[in-house]
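Asks: One structure is given below, represented as structure tokens, and several questions about it will come after.
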Amino acid sequence: MIYLKSEAEIDKMRRSAQLVSRTLAEVAKHIEPGVSTLKLDHVAEEFIKRHDARAAFKGYGSPNNPFPATLCISINEEVVHGIPSERTLKEGDIVSIDCGVEKDGYFGDHAYTFTVGECDEESHRLLRTTLQSLYKGIEQAVHGNKIGDISHAIQTHCEEEGFGVVRDLVGHGLGKHLHEDPSVPNFGRKGRGQRLRTGLALAIEPMITAGSWKVNTLDDGWTIVTADGSRAAHFEHDVIVREGEAEILSTFDYITEITKKEIIDSRYG
Ligand code: MG
Ligand code: MG
């Protein structure tokens, strides 16, 4: 069921989204060759606790195999849901970090893909295109449009660049729950699907590969990898549908203050 948020609820969601933004920036300070992904997870866990919030991913999922960590950390051919471990980052890796928090009963959930040291040009092009597609999707998240308009904008942009659009995982509504209706696929047709109305809160999250869109799940039951071993990128923002222009609750500004790396020249570049 879809429900629209009041301005009071949106205020709480904005605080949750901004806490995720600040957590990702805190993690960004530690991203370098040699750091373990478990260390990054501890940084995030401590930061979230200090801000009186709960890490939303920890314990998420089925009781037999709940997600064990604060962050999903996915390296190179891992698309999403990678589990932090003693594995260390290496020069030239790309690493997608997804973080969720619950604060005052409302969720924030967003993600960024970082480069580790110097990366090859194809990886930069993948990251740039995925980020551009996120903003192209957000441009469509306005009152009166349909979910398919968001999906189509993301898919078209990424496929024009020769990249694969993952089908098995999609964006979603959020608010009092980490995942709410509606689903927000990164592929689809213009003018199709649910109509968007002011106050609808969406997590828009293109998951894009440098090769085929096909993915597999590793034996840990969580980590999603590309079937062909190509690299993948993932960027996610929390947005509110409004008249004329969506409001983006989350921000990458804190991250770029730390990394000093702009992977695109401008938001819509
Ligand atoms: Mg996420
Ligand atoms: Mg999400």
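Take the sequence shown: its letter number 131 is residue 131 in our numbering, and every next letter is one higher. Built from N, CA and C at the ideal position, the CB exists for glycine as well.
Which full runs of the alpha helix (DSSP H) of 4+ residues lie inside the region 20-64, going along the chain?
Replies: Runs found: 37-50.
Asks: By a C-beta neighbour count over all protein chains shown, 10 Å radius and 16 as the cutoff for buried, is Pro-63 buried or exposed?
Replies: By one-based count along the sequence shown, residue 63 stands at place 63. Under this definition Pro-63 is an exposed residue.
Asks: Using CA coordinates, which residue listed in Gly-61, Gly-108, Asp-93, Gly-92 is at the minimum distance from Cys-273?
Replies: Residue 273 is absent from the structure shown; the chain starts at 1 and stops at 269.
Asks: Assess, as a yes-or-no matter, whether the region 162-178 is touched by the region 194-203 under the definition of 3 or more beta carbon pairs within less than 8 Å.
Replies: Verdict: yes, contact present.
Asks: Mark Glu-160 as exposed unless 16 or more other C-beta atoms lie within 10 angstroms of its C-beta, in which case mark it buried.
Replies: Here the question's residue 160 lines up with position 160 in the sequence shown. Its Cβ having fewer than 16 others within 10 Å, Glu-160 is exposed.
Asks: Is Ala-55 near ligand 4, in the sense that its beta carbon is under 7 Å from a heavy atom of that ligand?
Replies: Absence of ligand 4 is noted for the structure shown, with ligand 1 and ligand 2 being the only ligands found.
Asks: Would you say Asp-41 touches ligand 2, meaning its beta carbon is less than 7 Å from a heavy atom?
Replies: As a working note, residue 41 is residue 41 in the sequence shown. No, Cβ of Asp-41 sits at least 7 Å from all heavy atoms of ligand 2.
Asks: Roughly how many angstroms lie between the CA atoms of Leu-127 and Leu-4, to the nearest whole one?
Replies: As a working mapping, residue 127 is identified with position 127 in the sequence shown. As a working mapping, residue 4 is identified with position 4 in the sequence shown. Straight-line Cα distance between these residues: approximately 32 Å.
Asks: Quick check on the DSSP output: the beta strand (DSSP E) that includes Ser-96 runs from which residue to which?
Replies: As a first step, residue 96 must be located in the sequence shown, where it is residue number 96. Where Ser-96 is concerned, the enclosing beta strand (DSSP E) stretches over 94-103.
Asks: Am I right that Asp-97 and Tyr-112 are in contact with their C-beta atoms under 8 Å? What's the rounded C-beta distance?
Replies: Stepping through the sequence shown from its first residue, residue 97 is reached at position 97. Stepping through the sequence shown from its first residue, residue 112 is reached at position 112. The residue you asked about is not Asp; residue 97 is Ile in the sequence shown. With 8 Å as the limit, Ile-97 and Tyr-112 qualify as a contact, their Cβ atoms being about 6 Å apart.
Asks: Under a three-way DSSP split, which group does His-110 fall into?
Replies: What you label residue 110 is simply residue 110 of the sequence shown in a count that begins at 1. Reduced to three states, the DSSP call for His-110 is strand.
Asks: Helix, strand or coil: which one does DSSP assign to Asp-149?
Replies: In the sequence shown, counting from the first residue as 1, residue 149 sits at position 149. Asp-149 falls in the helix class under three-state DSSP.
Asks: So, is Ile-10 buried or exposed, given that buried needs 16 or more other C-beta atoms within 10 angstroms?
Replies: Stepping through the sequence shown from its first residue, residue 10 is reached at position 10. Result: buried.
Asks: Listed by chain order, which residues have C-beta atoms less than 5 Å from any heavy atom of ligand 1?
Replies: Result (chain order): Asp-98, Asp-109, Ala-111, Glu-236.
Asks: Taking all protein chains shown into account, decide if Ile-2 is buried (16 or more other Cβ within 10 angstroms of its Cβ) or exposed.
Replies: Stepping through the sequence shown from its first residue, residue 2 is reached at position 2. The residue in question, Ile-2, is exposed, as its Cβ has fewer than 16 Cβ neighbours within 10 Å.
Asks: Would you report the Cα separation of Arg-125 and Asp-52, rounded to the nearest angstrom?
Replies: Numbered from 1 along the sequence shown, position 125 holds the residue referred to as residue 125. Numbered from 1 along the sequence shown, position 52 holds the residue referred to as residue 52. Straight-line Cα distance between these residues: approximately 38 Å.
Asks: Between Trp-213 and the rest of its own chain, which residues show a CB-CB distance below 6 Å, the 5 nearest in sequence each way excluded?
Replies: The residue given as residue 213 occupies position 213 in the sequence shown. Excluding positions up to five away in sequence, the list reads Gly-164, Val-165, Val-166, Arg-167.
Asks: For Leu-71, name the three-state secondary structure that DSSP assigns.
Replies: To locate residue 71, count along the sequence shown from 1; it is residue 71. Here Leu-71 sits in strand by DSSP.
Asks: Looking at C-alpha atoms only, which residue of His-152, Asp-120, Leu-40, Glu-118 is the closest neighbour of Leu-270?
Replies: The chain is shown from 1 up to 269; residue 270 falls before or after that span and cannot be answered.
Asks: Which residue marks the beginning of the alpha helix (DSSP H) containing Ile-83, and which one marks its end?
Replies: If you number the sequence shown from 1, residue 83 lands on position 83. Unbroken run through Ile-83: none, as it is neither H nor E.
Asks: Mind reading off the beta-carbon distance from Ser-36 to Glu-77? Whole number of angstroms is fine, and I expect it under 8 Å.
Replies: Counting from one through the sequence shown, the residue named residue 36 turns up at place 36. Counting from one through the sequence shown, the residue named residue 77 turns up at place 77. That belief does not hold up - the Cβ atoms of Ser-36 and Glu-77 are roughly 19 Å apart, past 8 Å.
Asks: Given the structure, does Glu-205 come close to ligand 2, in the sense that its CB is under 7 Å from one of the ligand's heavy atoms?
Replies: Start at 1 with the first residue of the sequence shown, and residue 205 comes out as number 205. Correct: Glu-205 has its Cβ closer than 7 Å to ligand 2.
Asks: So what's His-172 in DSSP terms, helix, strand or just coil?
Replies: For the purposes of this step, residue 172 is taken as the residue at position 172 of the sequence shown. If DSSP states are grouped into helix, strand and coil, His-172 belongs with the strands.
Asks: For Arg-231, count neighbouring C-beta atoms within 10 Å of its own C-beta (all shown protein chains included) and say buried if the count is 16 or more, exposed if not.
Replies: Taking the sequence shown and counting its residues from 1, the one referred to as residue 231 is at position 231. When all chains shown are included, Arg-231 counts as buried.
Asks: Throw me the rounded Cβ distance for the Gln-194 and Pro-182 pair, which I believe falls under 8 Å.
Replies: Looking up residue 194 in the sequence shown gives position 194. Looking up residue 182 in the sequence shown gives position 182. Contact holds; Cβ gap of about 5 Å.
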